[in-house]
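Structure first, then comments.
Number of protein chains: 4
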Amino acid sequence: MKEKIKIAIFGGSGYGGSELLRILLFHPNVEIALVTANEHVGKAVGEVHKNLYGLTDLKFEKSPEDLFALDADAAFFALPHGQALNLIPQLPEKVKVIDLSGDFRIDDKDVFQKFYKFEHTADELQKKFVYGLTETNREAIKTANYVANPGCFATATLLALAPLVKSGLLTGKVIVDAKTGSSGSGAKAAANTHHPQRMNSFYAYKPFTHQHVPEISQHLKRIGSFENDFVFMTHSLPVSRGIFASCYLETTNILTNEDVKNLYELFYKGSFFVRIVENSPDINWVKATNFCDIAAHSNGKQIAVFSAIDNLVKGAAGQAVQNLNLMFGLDETTGLKLVGTNP
Amino acid sequence: MKEKIKIAIFGGSGYGGSELLRILLFHPNVEIALVTANEHVGKAVGEVHKNLYGLTDLKFEKSPEDLFALDADAAFFALPHGQALNLIPQLPEKVKVIDLSGDFRIDDKDVFQKFYKFEHTADELQKKFVYGLTETNREAIKTANYVANPGCFATATLLALAPLVKSGLLTGKVIVDAKTGSSGSGAKAAANTHHPQRMNSFYAYKPFTHQHVPEISQHLKRIGSFENDFVFMTHSLPVSRGIFASCYLETTNILTNEDVKNLYELFYKGSFFVRIVENSPDINWVKATNFCDIAAHSNGKQIAVFSAIDNLVKGAAGQAVQNLNLMFGLDETTGLKLVGTNP
Amino acid sequence: MKEKIKIAIFGGSGYGGSELLRILLFHPNVEIALVTANEHVGKAVGEVHKNLYGLTDLKFEKSPEDLFALDADAAFFALPHGQALNLIPQLPEKVKVIDLSGDFRIDDKDVFQKFYKFEHTADELQKKFVYGLTETNREAIKTANYVANPGCFATATLLALAPLVKSGLLTGKVIVDAKTGSSGSGAKAAANTHHPQRMNSFYAYKPFTHQHVPEISQHLKRIGSFENDFVFMTHSLPVSRGIFASCYLETTNILTNEDVKNLYELFYKGSFFVRIVENSPDINWVKATNFCDIAAHSNGKQIAVFSAIDNLVKGAAGQAVQNLNLMFGLDETTGLKLVGTNP
Amino acid sequence: MKEKIKIAIFGGSGYGGSELLRILLFHPNVEIALVTANEHVGKAVGEVHKNLYGLTDLKFEKSPEDLFALDADAAFFALPHGQALNLIPQLPEKVKVIDLSGDFRIDDKDVFQKFYKFEHTADELQKKFVYGLTETNREAIKTANYVANPGCFATATLLALAPLVKSGLLTGKVIVDAKTGSSGSGAKAAANTHHPQRMNSFYAYKPFTHQHVPEISQHLKRIGSFENDFVFMTHSLPVSRGIFASCYLETTNILTNEDVKNLYELFYKGSFFVRIVENSPDINWVKATNFCDIAAHSNGKQIAVFSAIDNLVKGAAGQAVQNLNLMFGLDETTGLKLVGTNP
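Chains as they are written, first to last, in my numbering: chain A, 70 to 412; chain B, 70 to 412; chain C, 70 to 412; chain D, 70 to 412.
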C-alpha cells in the first residue's frame, strides 16, 4: 500500500473545515498531520464538531509561525477571504495547495478588488493557480500545485451552464436565479441566520453585485465562447444545506427535451458526481454528498436548467478533496462516495 | 350602521376556506350566513380549524341542493378547480360572486382546456367575470357581480410586473422565477408535502407548463403592451406560507435604481397593501397579512424585481375580501389590516 | 368614549417590545406615547420591526433621563433582566408599571440572587409588586400599581398545574418537562439560535437550575398547599414560537379522564384565554395568540397535563396587556383577540 | 476474505428499508440478494430512494411466493406491524431473521393483543426471538437466529434507563418524556406529517397507551429489578429525524453528577455507539448515525437522564445491522461508522 498523503488543514473550526474533517478523517489515502483553529487550540476536534465525537482523537493546533517548515504533502485553506493570500506564499513549494476561499479565483486584480474590497497582493502566485471546477478542468488540476476551489454558487451555476456554453448553441441573455441554505453564511451566528426569523424567511441579497459573478464569467469564457449578457441573483433559503440554481437560457436552434438531456448526459459522461435527473433536482437528494444533480428542459428555444448541490460538499470541502485526489493520482471518487439520506 | 353583508362560503375546510373564515369572522361589515364542507357537516368550525376554537360557534353545513334559494348578498367559492364552474350558474343573480379557483380566470376556452385539462362549460358566464387583481383593476371590480380571484403565483408576479409593463419601457424577454410554500398545495396530505422530506427540499415543478402562465399573460396584455417572450417557473419552498417571485426584465432605456423605485412607488401610490421596500422583500414580513412587498433594482438596462406575498392571504382569501370590500362600496382595507409577527 | 390610556414602552427593539407594539398599536383604548430603543433612536418602528412597516409612523426614542417627568398612565418594561430594577424606582407614582423581565417576580432576595446572579436592590418596591398570572390572580391585579409579568415557562407551567394544586388532590412528585421555541432566546443572534444547527436540534439546558423554578414554586404555594418535590426541565425546540409543557403529577384518589377534564374546565370557567382541548394542545394552534391550550389525562392516579402557549404572547406581551386591561378596568380581552392561523 | 453474507430485505420502500439499503449496500461483508417492494416491482432502488441514485443497480422485486426456497443467509423484515408474523414462519431455518416491526417484541400474547390490536399467532416462534437492544443483550444476540429489533422510542428509553436499573439504586416513579421526528410516522403522507402544519407543531399523542410501554417494561425487568411506576409519554417534533428522551428518576442514595456520569460511563464501556456527553445530547449530533448520546444529571436524589438517537438508524436499521454483525461473528461496528454532519 502506498504511503498516505500528509495533510494540513488551515481553518478547521468553520463549516468548510468541519466538512474537510468529516471527509478526510475517513479517506483511505490520507493522514491529517495538522488542523488549525486559533480559538480552539488544544481542544479535541470532536468537542468542537460534536458529530465527530468518538471518531477521532485529533486536536486543534495553533497555526505554525514558520510555515516554511510545514511537513505536509498538501494543505487545505478554509479560512475567511483574505487570509490564505498571505499564508500560501510562505509555504515550501513541495506542499500542494487547495484554497477554499475566494482569494485565488479571480485572475484580474482589479476585478478582484472591486468585488472583494481589498487589494490582491500575490500576482505571481495567482498565475500558478488552477481553477478547481473538477468536471470542466480535470487535466489541469491533475498537474496543478495550486488549486483555487470554486465558490459554492459558482459550482452549481457553472456545472449547469457548462454543457450549453461548450455546445456553441447559446444565444441571448443568461439568467441565473440561485438560492442557498443558511450554512453558506458560515459557522458564526449573525442576524441573517438568527433562527426565529430565518426559519420563515426567503429573500434576495446582493442584487447584481455578488462576488461569484466575475468568477462564473471568467470560467465560462474558458469553457466556450461566452459574451452573453449575464444576470446572477442570490437568495437565502430556510434550510441548513443546499444550493439550487435555476438557469434560464436561449439556444440558436430549437432543441427538444430529449436533445438537451442528451447534450448534458454526453458532457457529463464519466463524471461520477454529476447525475442527470428527470423533472428537477432537489437539494434533499444531494445533502451531505458530493453529487451535483442537474435537470434540463426546453420549450422551443427557451431552456431551463436546474442544478442542486450541497454547498458545503460539492460546493466546498467535497470538491476540494475531489481535486486533491486528482492532484495525487487517485481516482477522483476516493473517499468521496458519501451517501445521502432519504428523509 | 349599515346592515351587514350576508356571506356564503362554499368550501370552508381547505386552506382557502380556513383563511376566509379567519378574516370574515372578524370583518366589521360581514355576517357569515353559510359555510359548507361536505366532509365536516355539523362539525364546529373551531373543531376543524383549531386556530378558531373558542372564537366562533359557526358550524359547517352541507352545500344546499337548491342554490337558487340561497339567501346571501355574496358568495365565496373556495373549491377545487372545476366545481365552481357548475355551481355558480345555479345561483340567483342578486348574489355577488368571488371565485378563488381557476375556473373563471381564463377568457379563452381553448387555452383554459389546455392548461386545466377539462372543458370550460360556462362561456356566457365567463364574459361577466372581472379579474380580481385589486391594485390593477379596482374600477372594474367595484361594479362587478362576478370576480375571478387571481391565482397566488399570478398575484405575486403581476404586481411585480405591472408597473414596468404599464410604463411602456419593457423590452426583451421576461423571466419569472417563483417559489411557493407548502400550504399552496392545499390542506390534504400528499407526497410532495410529506414533512420528513419537504422540510429539507427545494425543487422546481411543472417546467414551462404551469396553469398561471396564460393567466399572467392575459392580464399583462390588459395592463399595457405585452408581446414579450415570457418564461415562468415554479419552485417549492420548505416553509408553510409565502410566495416569492424574482422577475428579470430589460428596459429600452437605462434606469437608475432611483428611477425604478420611483416608478413603482408612483404606480402603487394609494395602494395600501403594496409596500415598496429596500433591498429585498422577505416572506417573513408578509406572512399572515394581505401585504405584497416589492423591491426593484436596476443594473443598466437589466432590471430585477422581487415580490413577496402570503399565498393564502394576498394570494387568495385576503385579496378575495379586498375585492368584496370594493364590490360593496367599503374601503378596501376594511377588516384586512392583519398584522404580521416579527419572528 | 373614554380618553385613551397613555403608554410608555421601555425596550421596544427586542421580541417582547416587538410584540407589545404589535398588540398595543391596535388596542382600542391605548395610545403609545413613548417607545424606547437606545440603539435605534430616531428610526421608524416599521423599519426595525418590518412586520409593522406601513402600519405606524411611530419612532423609537431615547430613554428619558428624567423618568420622574414621564407623562404616561402606564409603563411596560421589556428590558434585559436587571435594568427595570433601577429604572422603575425613578418613575412618578401615578404611572402604573408592568415589568416583563424577571426583576420583580421573586419575593425572596436571596433566592433571587441565587438564580439571577445579581443582588436585588429594591426591597421595598418588591413588596408592591403583584404577580401577573392573570387567570390565578385577577383580583389582585385589578388594584395593583406594579405587576411582575410572569416568565414564559412559568406561565405555561403554572396554568397547567394550578387547578390540581388548588384542588388539594395532589400528592407525590411533580415533574414538568418544558420545551421552548427559539424566539425565547431573544432578538439577538447567538450560537444556540444559529439557524444551520438549530433547525435540526433538540436538547435540554440548565438542568435543575432554571430561574423559573423558584418563580413557579413561589406562586404555586399561594394557589394551594404545595410542598411536593418539583422537577422542572427546559428544552429547546426548533420552531420560532411556542412553549409546550408536559406535566406529570399524581393524585391522592383515582380520577377518570372525565374527572380531570371537569376539574380543569371548572377552574378556567370564565377565563377566555384558556381553552381546554381534547388529546393534546399543539403550539401550532396558539401561535401569535394569547391562548393557553390545555389537555389533561389520567391513568389511575397518574396524571398528565399538557399546556401550550405562544411564549411571546401569553408568555410575555399578551399577558402583559391582559394585565393592563384589568389594571384600567377594561375587559381583559380588549385588543387581545388575536386570531392565529391554521397552517 | 470470507464469503459475503447474502441478505434479503422484505419491505424496501419504507424508511426502514431505505435506511437498511443505505447501510447494507456499502457494508463490506454483505451482498443484497433480494429487496422486495410490492408497489415498486421492477423499479430501480435509486429511482425510489433518490439518495441512492447512481450508487446501485439494484432493483425492487416482488416478495417470493415460496419463501421456503429463499436463498439467503439472513433476512430483514421492515414491513408494517402484522406482516412479518405471517411470513417468518415460512422461511427455511437456515435463514437468520431480524424483524424491525413490533411483531416479536412482546412475550405475553395478551399484552401484545392489547397494544397492537390483533392476535399474535406465532407463539412457538416467539420463544425463539431474542430482543435486539444490542448494548444490553449482546451475548444472546450473538447466538440468536431470530432477533426482534427494538422500537425507536424503546431504544432511546432503554439505553437511558438501563444503567440505573442495573445499579439497583432506582426507587420511586420513573417518568419518560419522549419526542420523535416526523420520519417516525413512515414514508406515507398522512395528516400528522402534512408539512404546512407539522413544521410549526409540537404535541403529545397516545397518552398512557403507546405500544412501546410494555416493550420497555418487559426488557427493564430483565436488566434488573424493575417494579417501579412507569409513565411514558410520546410527543411529535417538527424535525425529520431524531428521538430525544428525557427521563426523570429517583435514587435511594444521593448521587453527585460525577457519580451518575461514572455509572453511565462504566456501563457503556466498550459500547462504541453510546457516547456519554456533557450537559445534554442533541438530536443534531446523532442524525444519520448509529450513535446514542446520553447525558445524566443529579440533584440530590432526583436524576435526569437525556438520550438522543436517530430514530431510523440506532432506532431501526442501524441497530438491525449492528445485530446482524454480531449474529455473523463480525465486529458490531462493521459498516456502521456512519459519520454525521455538523450543520
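Even glycine gets a Cβ: it sits at the ideal position worked out from N, Cα and C.
Keep in mind it's a predicted model, so treat the numbers as computed, not measured.
Interface flag, residue i vs chain C, CB-CB below 9 angstroms
| i | result |
| --- | --- |
| Arg-310 of chain D | yes |
| Asp-126 of chain D | no |
| Ala-314 of chain A | no |
Chain A contact for residue i (CB, 9 angstroms cutoff)
| i | result |
| --- | --- |
| Phe-360 of chain D | yes |
| Pro-283 of chain C | no |
| Val-104 of chain D | no |
| Leu-121 of chain D | yes |
Spatial distance of residue i from residue j (CA atoms)
| i | j | result |
| --- | --- | --- |
| Arg-291 of chain A | Gln-266 of chain C | 38 angstroms |
| Glu-202 of chain A | Leu-238 of chain A | First, the amino acid is wrong: residue 202 of chain A is Leu here, not Glu. If I take the Cα positions, the gap works out to 22 angstroms. |
| Lys-163 of chain A | Leu-194 of chain A | 14 angstroms |
| Cys-221 of chain A | Ala-260 of chain C | 23 angstroms |
| Glu-284 of chain D | Ser-367 of chain D | 27 angstroms |
| Thr-226 of chain D | Phe-295 of chain D | 14 angstroms |
| Ala-217 of chain D | Ala-143 of chain D | 13 angstroms |
| Phe-129 of chain B | Val-114 of chain B | 6 angstroms |
| Gly-81 of chain B | Ala-147 of chain B | 7 angstroms |
| Asn-348 of chain D | Pro-276 of chain C | 8 angstroms |
| Phe-145 of chain B | Pro-350 of chain B | 30 angstroms |
Whole-number beta carbon distance between residue j and residue i, since they are thought to touch under 8 angstroms
| i | j | result |
| --- | --- | --- |
| His-118 of chain B | Leu-154 of chain B | Not really, about 26 angstroms apart at Cβ, beyond 8 angstroms. |
| Cys-316 of chain D | Ala-373 of chain D | 7 angstroms |
| Ser-87 of chain C | Asn-107 of chain C | Not confirmed; about 16 angstroms, so no contact. |
| Asn-380 of chain A | Gly-250 of chain A | 6 angstroms |
| Asp-192 of chain D | Lys-178 of chain D | 6 angstroms |
| Phe-187 of chain B | Gly-151 of chain B | 6 angstroms |
| His-264 of chain B | His-304 of chain D | At roughly 15 angstroms, the Cβ-Cβ gap does not stay under 8 angstroms, so His-264 of chain B and His-304 of chain D are not in contact. |
Residue-level contact to chain D via CB, residue i, 9 angstroms cutoff
| i | result |
| --- | --- |
| Met-268 of chain B | yes |
| Lys-112 of chain B | no |
| Val-117 of chain C | no |
Residue i at chain B interface by Cβ criterion, 9 angstroms
| i | result |
| --- | --- |
| His-263 of chain D | yes |
| Ser-170 of chain D | no |
| Ser-252 of chain A | no |
| Ala-260 of chain D | yes |
Residue i and residue j closer than 9 angstroms at C-beta
| i | j | result |
| --- | --- | --- |
| Asn-353 of chain A | Pro-307 of chain A | no |
| Ala-377 of chain D | Val-329 of chain D | no |
| Ile-92 of chain C | Val-355 of chain C | no |
| Val-234 of chain C | Leu-324 of chain C | no |
| Lys-248 of chain A | Phe-173 of chain A | no |
| Val-390 of chain A | Ile-363 of chain A | no |
| Ala-209 of chain A | Gly-83 of chain A | no |
| Tyr-215 of chain A | Ile-157 of chain A | yes |
| Ile-76 of chain D | Leu-407 of chain D | no |
| Thr-240 of chain B | Thr-321 of chain B | yes |
| Asn-359 of chain A | Gly-339 of chain A | no |
| Lys-242 of chain C | Asp-298 of chain C | yes |
TODO: Return the chain-ordered ranges of every alpha helix (DSSP H) run that is complete within the stretch 127-172 of chain A and spans a minimum of 4 residues.
DONE: Taken in chain order, the whole alpha helix (DSSP H) runs of length 4 or more contained in the stretch 127-172 of chain A are 153-156.
Task: Length-filtered (4 minimum) alpha helix (DSSP H) runs lying within the stretch 73-107 of chain B - done: 84-93
Task: 3-residue-minimum beta strand (DSSP E) runs that sit fully inside the stretch 248-291 of chain C, ordered along the chain - done: 272-274
Task: Complete alpha helix (DSSP H) runs within the stretch 295-373 of chain A (minimum length 4 residues, chain order) - done: 326-336 and 352-355
- [ ] Let me know the alpha helix (DSSP H) ranges lying completely inside the stretch 185-258 of chain D, each 4 residues or longer, listed in chain order.
- [x] Fully enclosed alpha helix (DSSP H) runs of 4 or longer: 192-197, 203-211 and 221-236.
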